[in-house]
Amino acid sequence: MAEIPNNISSNDLVKAMERIDAEGVPPNAHSSTYDVVYNGKSYPPKLVVAWANAFANGKELDRNSFNGGQGTECFKLLERQGFQVQPKKHASYWFVGASFDGGANDRTDEFCETGTWENGYTDKYLDDVNRIKVGDRIAIKSTYTKKKNLPFEANGNTASVMAIKATGVVTENEGDGSHLKVDWTKLPNKKEWFFYTQRETIWEVKPGDPLTDALIKFAFDDQPQDFNLFLNHKFWSDRFGDHNEAIDYLPELEKFLDQAKTGELATKGYRKQVYGLQVKVSFGQGYPARVPWISFLEKGQKTSQGIYPGYLYFKDVEVLFLTYGSSEENPPSVTWQNVDGPSCREYLSEHFSYEPPRYGQTKIFKAYDLKDGLDREQVNEDLFELVQLYKNVLSEESMTQEVSSLGTSERNVLNPAPLNSILYGPPGTGKTYNTINMALSIIDPDFLAANENNRASLKERFDQLMHDDRIHFVTFHQSFSYEDFVEGIKASTSDGGIRYDVASGVFKKACQACMMEAGTSDIDSLLSQLIEEVAEKPKVLKTPTGKEFSVSYRGDNTTFTCTPHSSEEKRGLPASIEHVRQVALGAKPENVYCKSYVNGIAQYLTDFQDRIAPQRKFDSEPVVLIIDEINRGNISSIFGELITLIEPSKRAGSEESIVVTLPYSKEPFEVPGNLYIIGTMNTADRSLALMDTALRRRFDFIEMMPDINLLDGLYVHDIDIAKMLKVMNQRIEVFYDREHTLGHAFFMSLFEEKTEHAKFARLREIFSTKIIPLLEEYFFEDWQKIRLVLNDHNKKSEFQFVREQTDEYDLEKLFGTNAELPLDIEESSIFSRNDSALSFSESYVGIYES
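Laid out in structure tokens, this is it:
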């Protein structure tokens with residue numbers, strides 16, 4: 038290695054940094070680990086020293102001829118001359134793909150030669166690309182699986198692999214969701230990383246976790262992978278521990294296919310676990326299904342709400358699919374990543390011209406034409422590969438949730454949000470818009486902080502939490518009632534008849550979600566599980582006095598059939614499912630038929646619930662209920678007796694907690710302490726002073742007035758939007774009050790338009806459909822005041838939004854000579870809207886300039 042001359046001065050180093058400011062950092066000269074900091078800017082240390090030598094000795098140093106890093110001559114020189122050298126701060130590291138068409142065209146060489154990277158999709162990953170910052174480290178990767186020649190003992194199992202082909206530093210982000218400029222270093226040979234991989238085209242990795250730290254050091258610092266870290270990790274140890282042989286699932290699959298042809302529905306005798314996953318087999322409930330299935334479920338995942346590897350057997354066309362299973366009715370909180378295969382509907386339509394009766398949207402991992410038979414090795418390898426991918430997806434989600442939950446708890450302890458709050462203000466101030474941020478600040482503050490400027494990501498997370506029952510949303514209106522909000526009687530039809538059931542409202546559902554978040558299996562879930570079990574095979578239970586009876590379910594959706602063992606007649610008696618539910622929840626319903634059987638089934642459910650969740654808790658993860666337009670409903674009618682229960686001191690777990698009996702279900706009910714209620718209120722509809730007094734005492738009120746500063750710098754055809762809104766609101770306050778001013782949110786959409794023409798078209802629409810109609814409503818069509826707010830009296834006629842007619846009506850001709858007209862009619866003026874003024878910028882400028 039060459040020696041660095043001792044005569045390089047601080048002045049030479051400063052000149053080198055000034056040259057970097059002027060010319061930029063050349064390709065392959067960016068620093069990977071350290072920066073030299075000067076005047077708040079960061080520079081590559083080796084480049085600074087190399088260029089400083091040109092000023093000191095007339096020749097640049099070859100950067101490859103000396104080392105950088107702590108304790109090197111390069112760093113000693115910089116520190117000796119008074120400069121600070123510090124490690125780079127990387128918020129995120131990025132792993133990106135270079136193949137976008139199924140792997141047929143690898144663009145790694147092209148990207149490295151041109152110093153670029155391009156998102157190969159026009160409809161995916163755009164927001165992710167836009168979040169990549171200049172200076173972030175980035176690597177090109179590809180993912181696949183490998184079974185042979187592994188660098189560790191895998192006991193014959195297949196491992197997931199991510200190959201690193203090139204690494205670099207981002208030098209420019211064009212902000213179009215597609216194009217980056219990168220200072221790449223292509224590796225002479227790809228490096229293979231095992232276990233902790235990701236198939237998605239773009240993968241953001243953040244430091245701070247042992248697994249991510251190990252990956253970052255492997256990819257960017259050339260440190261070897263510690264395989265023991267992963268082999269001993271709970272997510273991989275069950276797959277790569279000491280197994281004598283790989284699981285052979287073909288016999289189970291063949292048994293499943295044979296039984297599917299018989300119409301037999303029983304599922305006893307099938308394996309209950311495979312690769313640590315729970316196995317569920319179904320041939321139908323009550324009658325044979327046209328598409329029998331097998332699912333493999335990790336703890337916490339359900340076929341009714343979750344993801345899972347699964348087999349679907351379409352009997353009509355003799356084809357079996359191994360699929361990326363996903364619940365149909367309830368969207369899962371976790372999703373499969375980078376699923377590019379066809380859906381069942383697409384495959385069956387193309388190959389068999391067949392419309393599937395169910396599961397049409399489910400994506401296929403592997404298709405097997407049963408006419409060709411099944412290959413044992415192929416079946417087992419396919420299942421293992423999908424199971425491994427499944428566990429990788431869940432393990433990454435689990436680790437993310439673990440980190441997020443710690444951050445959430447810490448933030449909520451330091452800055453607790455009010456349990457009951459109302460955002461109030463005039464129209465267009467972003468009240469409903471801000472409920473998303475407020476809800477996320479309660480449930481997932483770390484995600485909110487990381488994505489504060491990415492509205493699409495915040496909305497996506499909000500929607501996901503709604504699907505997970507962590508956020509509930511309702512809008513009050515004049516006809517909204519207690520029955521809609523808490524519970525009521527709902528009519529429905531069954532087998533040609535009408536039945537009446539107690540249905541929970543949104544408030545009660547939100548309270549139940551609080552309980553379920555604490556890990557308690559709710560009675561409704563246990564009841565549904567029991568119905569499914571006894572529909573397949575009767576279950577023997579006992580009455581409270583110890584007498585045995587069999588309970589079954591025949592598909593009428595309203596009753597169990599109970600057959601006493603002591604009776605010689607063996608006659609089935611009905612037990613209302615709704616009465617069972619109410620008793621299990623602690624209620625005392627009236628007119629209960631077959632009471633001993635109802636109590637026996639309810640006791641079975643509560644005993645089972647106590648075994649799996651001995652203690653009912655509410656103080657767990659927060660749940661948010663958003664009530665939009667809370668002031669438009671009749672509060673006393675909607676909340677009823679529960680208005681007292683929402684007070685923090687009256688909630689479950691507090692010293693003065695109150696439990697009430699609900700009027701319809703007769704269930705005991707209390708409001709949990711982890712339910713947050715956020716309301717919004719439009720003060721133009723009803724003043725705060727007129728709000729229900731009971732509601733005002735129990736809520737924290739957060740004012741949201743027009744924020745003119747958000748519109749600073751927004752000009753459309755030389756129209757100063759901020760100044761225009763400010764002047765209009767000042768005039769409205771003079772004529773009316775501050776509660777009827779116009780919000781900034783009306784004009785925020787102007788920022789989204791890319792051209793001046795589009796912005797002006799949007800401004801015309803805002804005035805035509807929102808501003809002028811709202812002013813008409815405010816002033817009850819007092820056109821003179823509307824003209825004053827818009828300053829029309831100081832504009833030329835063609836620029837006036839509201840014009841006063843100069844041509845007077847001939848009153849004598851209209852009403853006759855004998856009509857005695859009131860004085861106000863004789864002296865009244867006639868006004869009309871002038872929509873042509875919307876097309877002139879002078880009309881808008883004239884609002885704030887005479």
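Take 38 as the starting number for the sequence shown in my numbering and just add one per residue.
Virtual Cβ for every residue (Gly too), placed ideally from N, Cα, C.
(1) Which first and last residues belong to the alpha helix (DSSP H) in which Ile57 is found?
(2) Which value, in whole angstroms, describes the spacing of the CA atoms of Ser869 and Asn855?
(3) Decide if the stretch 459-479 is in contact with the stretch 733-751; the criterion is three or more beta carbon pairs, one per stretch, under 8 Å apart.
(4) Say whether the stretch 205-220 touches the stretch 92-99, bearing in mind that this needs 3 or more beta-carbon pairs closer than 8 Å, one atom from each stretch.
(5) Whole-angstrom Cβ separation of Ile884 and Leu827, contact assumed at under 8 Å?
(6) For Cys599, which residues does DSSP report across the bridge?
(7) If we call anything under 8 Å between Cβ atoms a contact, is Ile175 one with Val242?
(8) Tell me the DSSP secondary structure of Asn474 in three-state form.
(9) I need the straight-line Cα distance from Thr557 to Gln549, nearest angstrom please.
(10) Would the beta-carbon of Glu666 fall within 8 Å of that of Asn719?
(11) Taking all protein chains shown into account, do 16 or more other C-beta atoms lie within 10 angstroms of the C-beta of Ser516, making it buried, or fewer, making it exposed?
(12) Starting from the C-beta of Val696, find all residues in its chain whose C-beta is less than 6 Å away, skip the five residues before and the five after it, and write them out in chain order.
(13) Whole angstroms is fine: what's the gap from Trp230's alpha carbon to Ser197's?
(14) Following the continuous beta strand (DSSP E) through Gly883, name the residue where it begins and the one where it ends.
(15) Would the stretch 736-748 count as touching the stretch 773-785 if we require 3 or more Cβ pairs under 8 Å?
(16) Are the CB atoms of Thr643 and Ala621 nearer to each other than 8 Å?
(17) Quick test of the definition: if touching needs 3 or more C-beta pairs under 8 Å, does the stretch 320-329 touch the stretch 305-312?
(18) Rounded to whole angstroms, how far is the Cβ of Tyr361 from the Cβ of Phe402, which I believe are closer than 8 Å?
(19) What residue ranges within the stretch 341-410 form continuous alpha helix (DSSP H) runs of no fewer than 4 residues, ordered along the chain?
(20) Pick out whichever of Asn871, Phe797, Phe816 has its Cα sitting closest to the Cα of Trp833.
(21) So if DSSP puts Asn210 in a beta bridge, which residue, or which two residues, is it bridged to?
(22) Look at the Cβ atom of Gln906, then the Cβ atom of Val74, and state whether they are nearer than 8 Å.
(23) Please go through the stretch 144-188 and give each complete beta strand (DSSP E) segment of 3 or more residues, from N-terminal end onward.
(24) Just the Cα atoms here: how many angstroms apart are Lys850 and Val839?
(25) Is the stretch 875-884 touching the stretch 755-774 in the sense that three or more CB pairs, one from each, lie closer than 8 Å?
(26) Can you tell me whether Glu524 is buried or exposed, with buried defined as 16 or more other CB within 10 angstroms of its CB?
(27) Check Arg100 in the structure and name its three-state DSSP category.
(28) Which residues does DSSP list as the beta-bridge partners of Gly525?
(29) Since Leu115 contacts Pro82 with CB under 8 Å, what's their CB separation in whole angstroms?
(30) Taking all protein chains shown into account, decide if Glu814 is buried (16 or more other Cβ within 10 angstroms of its Cβ) or exposed.
(31) Per DSSP, which residues does Gln315 bridge with? Please list them.
(32) Straight-line CA distance for Asp295 to Val356?
(33) Would you report the Cα separation of Thr153 and Glu387, rounded to the nearest angstrom?
(34) With DSSP as the reference, label Tyr713 as helix, strand or coil.
(35) Put Gln262 into one of helix, strand or coil per three-state DSSP.
(36) Taking all protein chains shown into account, do 16 or more other C-beta atoms lie within 10 angstroms of the C-beta of Phe852, making it buried, or fewer, making it exposed?
Checking against the coordinates, here is how it stands:
(1) That run of the alpha helix (DSSP H) goes 47-60.
(2) Taking the straight line from one Cα to the other gives about 29 Å.
(3) yes
(4) no
(5) Contact check for Ile884 and Leu827: beta-carbon distance about 6 Å, within the 8 Å limit, so the pair qualifies.
(6) Val588, Leu610
(7) no
(8) helix
(9) Note that Thr557 scores 42 on pLDDT, short of 50, meaning its location in the model is unreliable; the coordinates nonetheless yield the value given after this. Straight-line Cα distance between these residues: approximately 10 Å.
(10) yes
(11) exposed
(12) Pro705, Glu707
(13) 9 Å
(14) Per DSSP, Gly883 belongs to no beta strand (DSSP E); it is in the alpha helix (DSSP H), 878-885.
(15) Pairwise C-beta distances place the stretch 736-748 in contact with the stretch 773-785, as three or more of them are shorter than 8 Å.
(16) Going by C-beta atoms, Thr643 is nearer than 8 Å to Ala621.
(17) No contact exists between the stretch 320-329 and the stretch 305-312.
(18) 6 Å
(19) 381-389
(20) It should be noted that the sequence gives Lys, not Trp, for residue 833. Looking at the Cα atoms, Asn871 is the closest of the given residues.
(21) According to DSSP, which records beta bridges pairwise, Asn210 is partnered with Leu217.
(22) No information on residue 906 is available, as it lies outside the stretch 38 to 887 that the chain covers here.
(23) 153-155, 174-183
(24) 26 Å
(25) yes
(26) buried
(27) Arg100: helix per DSSP, three-state reduction.
(28) Ala540
(29) Between Pro82 and Leu115 the Cβ distance is about 6 Å, and since that is below 8 Å, they are a contact.
(30) With fewer than 16 neighbouring CB atoms inside 10 Å of its own CB, Glu814 falls in the exposed class.
(31) Gln310, Leu334
(32) So the two alpha carbons sit approximately 13 Å from each other.
(33) 39 Å
(34) strand
(35) coil
(36) exposed
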